[in-house]
Amino acid sequence: GENVEQHPSTLSVQEGDSAVIKCTYSDSASNYFPWYKQELGKRPQLIIDIRSNVGEKKDQRIAVTLNKTAKHFSLHITETQPEDSAVYFCAASKAESSGGSYIPTFGRGTSLIVHP
Amino acid sequence: EAGVAQSPRYKIIEKRQSVAFWCNPISGHATLYWYQQILGQGPKLLIQFQNNGVVDDSQLPKDRFSAERLKGVDSTLKIQPAKLEDSAVYLCASSLLALYYEQYFGPGTRLTVT
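Chains as they are written, first to last, in this note's numbering: chain A, 17 to 132; chain B, 1130 to 1243.
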């Protein structure tokens, strides 16, 4: 099955700095890569996603890059703010055999701490 | 629109007891997921439904876990008998369809097995 590795497990930055979180996956059939933010005690929420036919996607201060050849993708947060502090999860997903649904595998998460 | 509802929010049971969790997805969402999130780890998919059919349950410990979505709307996840290692947050999520569609997560049920 799919295996997703996520690094680092903890990331501490100063407000205004950039933060980068990296994930690798094992199954070349994976073709959809969402990123979720989970604040303490709250539910995960999608912040950005990328499909395999795209190499990069941006949404304001957040960007995701994908290298299908190397099987890795990264989350980039610029001009970090204290409210960015949370646990971030990457996931790799592929369509199940009939094509009707996709099967997601999550990374272990990165705890991002932004110091004011 | 109303979000994904789950109950109970917290449950404490002794090992070997049984427990059931309930999930009501967002109206119209065909796909429903149950995840187990152990402290410090990412969500692990247990079972995925498309309407009332099971799409994937390869990581569901079928000797003790069961789930159903009889009418293609609400779903229940049951553990019988519970073990200490089942202590986790159980998250339910739904999406409009499947691939490329955002999953919306419920608040989760925190299970503690003593």
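Even glycine gets a Cβ: it sits at the ideal position worked out from N, Cα and C. Quick caveat: nothing in here was measured; it's all calculated off a predicted structure.
- prompt: Where in the region 1192-1222 of chain B do unbroken runs of the beta strand (DSSP E), each at least 3 residues long, occur, reported from the N-terminal end onward?
  reply: 1194-1197 and 1204-1208
Against chain A: residues of the region 1173-1200 of chain B by CB proximity under 8 angstroms: K1173, L1174, Q1177, Q1179, V1184, D1185 and S1187
message: Any beta carbon from chain B within less than 8 angstroms of A/A77's own beta carbon?
response: In the sequence under discussion, the amino acid at residue 77 of chain A is Arg, which differs from the Ala named in the question. By this cut-off, A/R77 is not an interface position.
- request: Compare the Cα-Cα distances from B/F1150 to each of B/H1158, B/Y1139, B/E1143 and B/K1212 and report the closest residue.
  value: B/Y1139
query: Is there at least one Cβ from chain B nearer than 8 angstroms to A/I119's Cβ?
result: yes
- prompt: Who does A/G57 pair with in a DSSP beta bridge?
  reply: Its beta-bridge partners do not exist; DSSP assigns none.
message: Can you tell me where the beta strand (DSSP E) holding A/E21 begins and where it ends?
response: V20 to H23
- prompt: A/P98 by DSSP, collapsed to three states: which one?
  reply: helix
- request: Return the CA-CA distance between A/V103 and A/T126, expressed in angstroms with no decimal places.
  value: 5 angstroms
query: Along chain B, which residues have their Cβ under 8 angstroms away from the Cβ of A/G125?
result: G1169, Q1170 and G1171
query: Which same chain residues, not among the five before or five after B/E1197, have their C-beta less than 7 angstroms away from its C-beta?
result: S1204 and T1205
message: With H, G and I counted as helix, E and B as strand and the rest as coil, what does DSSP make of B/Y1230?
response: coil
Min CB distance A/L62 to chain C below 8 angstroms: No chain C appears in this structure, whose protein chains are A and B.
- prompt: Taking the alpha-carbon positions, what's the B/E1143 to B/A1211 distance?
  reply: 8 angstroms
- request: Measure the beta-carbon distance from B/L1189 to B/A1217 and round it to whole angstroms, keeping in mind my assumption that it falls under 8 angstroms.
  value: About 14 angstroms; that fails the 8 angstroms criterion.
- request: Indicate whether at least one CB of chain B lies closer than 8 angstroms to the CB of A/F105.
  value: yes
- request: Tell me where the beta strand (DSSP E) around B/R1239 begins and ends.
  value: T1238 to V1242
query: Can you name the residues of chain A whose CB is closer than 8 angstroms to the CB of B/E1231?
result: P50, L62 and D65
message: Could you tell me the alpha carbon to alpha carbon distance between B/P1236 and A/G71, rounded to whole angstroms?
response: 32 angstroms
- request: Could you tell me whether the Cβ atoms of A/Q61 and A/F105 are closer together than 8 angstroms?
  value: no
- request: With distances taken Cα to Cα, identify the nearest neighbour of A/I119 among B/Y1219, B/P1172 and B/S1195.
  value: B/P1172
message: Just to make sure I have the definition right: I need the residues of chain A whose C-beta is within less than 7 angstroms of the C-beta of B/P1236. Which are they?
response: R59
field: CA nearest to the CA of B/I1141, picked from B/I1208, B/S1195 and B/N1181
entry: B/I1208
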